[in-house]
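Read the structure below first, then the notes.
Protein chains: 2
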Amino acid sequence: MDLRKAGLKATLPRLRILETLGMANVRHMSAEDVYKALLEAGEDVGLATVYRVLTQFEAAGLVIRHNFEGGRAVFELDDREHHDHLVCTGCGRIQEFHDSVIENHQTEIADKYGFTITDHALVIYGECDDCAGR
Amino acid sequence: MDLRKAGLKATLPRLRILETLGMANVRHMSAEDVYKALLEAGEDVGLATVYRVLTQFEAAGLVIRHNFEGGRAVFELDDREHHDHLVCTGCGRIQEFHDSVIENHQTEIADKYGFTITDHALVIYGECDDCAGR
DNA sequence: ATGTATGCAAAACATTTGCACCTGG
DNA sequence: CCAGGTGCAAATGTTTTGCATACAT
Chain A
57 MDLRKAGLKA
67 TLPRLRILET
77 LGMANVRHMS
87 AEDVYKALLE
97 AGEDVGLATV
107 YRVLTQFEAA
117 GLVIRHNFEG
127 GRAVFELDDR
137 EHHDHLVCTG
147 CGRIQEFHDS
157 VIENHQTEIA
167 DKYGFTITDH
177 ALVIYGECDD
187 CAGR
Chain B
57 MDLRKAGLKA
67 TLPRLRILET
77 LGMANVRHMS
87 AEDVYKALLE
97 AGEDVGLATV
107 YRVLTQFEAA
117 GLVIRHNFEG
127 GRAVFELDDR
137 EHHDHLVCTG
147 CGRIQEFHDS
157 VIENHQTEIA
167 DKYGFTITDH
177 ALVIYGECDD
187 CAGR
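Note that the protein sequences, when read in sequence, are chains A and B. Per my numbering, the first sequence starts with residue 57, numbered consecutively. Per my numbering, the second sequence starts with residue 57, numbered consecutively.
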């Protein structure tokens with residue numbers, strides 16, 4: 057939460073972007089989503105700044121960038137336990153989950169092939185209950 | 057392998073693109089990779105056609121499109137058992153693997169949250185042996 | 001023939017960068 | 001004050017699309 061602790065000046069745009077990502081009802085937003093939310097909130101921010109700041113936040117470990125299908129990256133505040141994602145192809149809803157058996161197996165696999173894990177991305181695509189009946 | 061069976065006319069560009077993806081030493085290529093390979097082979101093909109054809113192949117289930125980190129999609133011939141990927145962040149090398157324990161757990165997780173799996177993507181990023189010592 | 005596929009060039013996106021101006025500490 | 005941050009516009013890189021021509025059946 058503390059920008060200074062992350063080595064970043066506490067400027068207005070950075071604070072606002074962090075706030076926006078912290079809004080309980082969103083969790084996963086694209087750069088454009090953040091930008092639009094700020095404009096609607098009456099903030100005068102540039103899209104380029106949103107991209108720059110999100111990239112800095114990622115480097116500082118404040119947010120996680122996801123490359124789900126669809127061509128645009130989405131960002132999420134890195135303020136809770138590690139988890140993976142279920143993405144509904146119908147409504148776009150995102151469900152987080154954690155499975156330690158899968159996590160452990162990933163480490164085993166990396167070992168087996170001589171890789172040192174730096175990161176991993178597990179995304180399950182499917183249709184959620186609400187979308188099943190169209 | 058059979059374009060007609062997939063409902064696609066057996067045109068020269070399509071045959072060449074399929075051949076290129078089938079070259080044993082590649083497996084994972086971006087649209088541009090395929091395009092360049094064809095130009096070098098003396099084929100007169102357009103980049104737009106490569107994109108169009110790869111998208112058709114994906115829809116027909118002949119190839120799989122991956123959105124790894126890095127902004128560009130890579131394609132792989134869908135001619136073997138399902139598998140996931142280890143991607144070396146150092147040299148870009150891609151190692152395929154399969155783990156049935158992980159697969160089974162994914163199904164369980166989807167069930168638990170009421171999702172019907174249509175697809176999934178597990179990518180482990182890390183550094184391979186060869187890159188470990190820089 | 002004839003409907004579909006292709007190549008080219010232009011368009012559409014997502015994201016990045018150059019630069020003059022503004023701001024936080 | 002002054003290094004670093006920001007907004008804007010222009011540049012980039014990837015993928016898509018419109019259209020006249022070429023090709024497979």
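Positions of the beta carbon are idealized from the N, C-alpha and C atoms, including for glycine. Bear in mind that the values here come from a model prediction, so they are computed numbers and not experimental data.
Below 7 angstroms on C-beta distance, what does residue i contact in chain A?
| i | result |
| --- | --- |
| V179(B) | H176 and A177 |
| Q162(B) | I180 |
| A188(B) | T172 |
Quick check on DSSP: helix, strand or coil for residue i?
| i | result |
| --- | --- |
| H84(A) | coil |
| R121(A) | strand |
| D140(B) | strand |
| K100(B) | The sequence given here places Asp at residue 100(B); Lys does not occur at that position. In the structure shown, D100(B) sits in coil (DSSP, three-state: anything other than H, G, I, E or B). |
| G126(B) | coil |
Under 8 angstroms Cβ-Cβ, which residues of chain B neighbour residue i?
| i | result |
| --- | --- |
| C147(A) | None at all; the shortest Cβ gap to chain B is about 11 angstroms. |
| I173(A) | I180, Y181 and G182 |
| A93(A) | Near A93(A) there are no residues of chain B at all, since even the closest Cβ is about 24 angstroms away, more than 8 angstroms. |
For the putative contact between residue i and residue j, defined by C-beta atoms under 8 angstroms, what is the C-beta separation to the nearest angstrom?
| i | j | result |
| --- | --- | --- |
| D140(A) | V179(A) | 7 angstroms |
| G182(A) | F171(B) | 4 angstroms |
| A62(A) | A116(A) | 4 angstroms |
| I150(B) | V109(B) | Actually they do not touch by this definition, with Cβ atoms about 22 angstroms apart. |
Given that residue i touches chain A, what residues does it touch there, using C-beta distances under 9 angstroms?
| i | result |
| --- | --- |
| D134(B) | Here the premise fails: no neighbours, minimum Cβ distance about 16 angstroms. |
Please list, in chain order, the chain B residues whose beta carbon lies closer than 7 angstroms to that of residue i.
| i | result |
| --- | --- |
| D185(A) | G170 |
| V157(A) | V157 and H161 |
Output, in chain order, the set of chain A residues within a Cβ distance shorter than 8 angstroms of residue i.
| i | result |
| --- | --- |
| A166(B) | L142, I180 and G182 |
| A87(B) | What A87(B) touches in chain A: nothing, since even the nearest Cβ is about 14 angstroms away. |
*Hey, is the segment 63-79 of chain B in contact with the segment 157-169 of chain A, meaning 3+ C-beta pairs nearer than 8 angstroms?*
No: the two stretches stay apart, fewer than three of their Cβ pairs being nearer than 8 angstroms.
*Taking only beta carbons into account, state which residues of the segment 97-131 of chain B come closer than 8 angstroms to chain A, listed in chain order.*
N123, F124 and E125
*Okay, do the segment 120-132 of chain A and the segment 87-102 of chain A touch, 3+ Cβ pairs below 8 angstroms being the bar?*
yes
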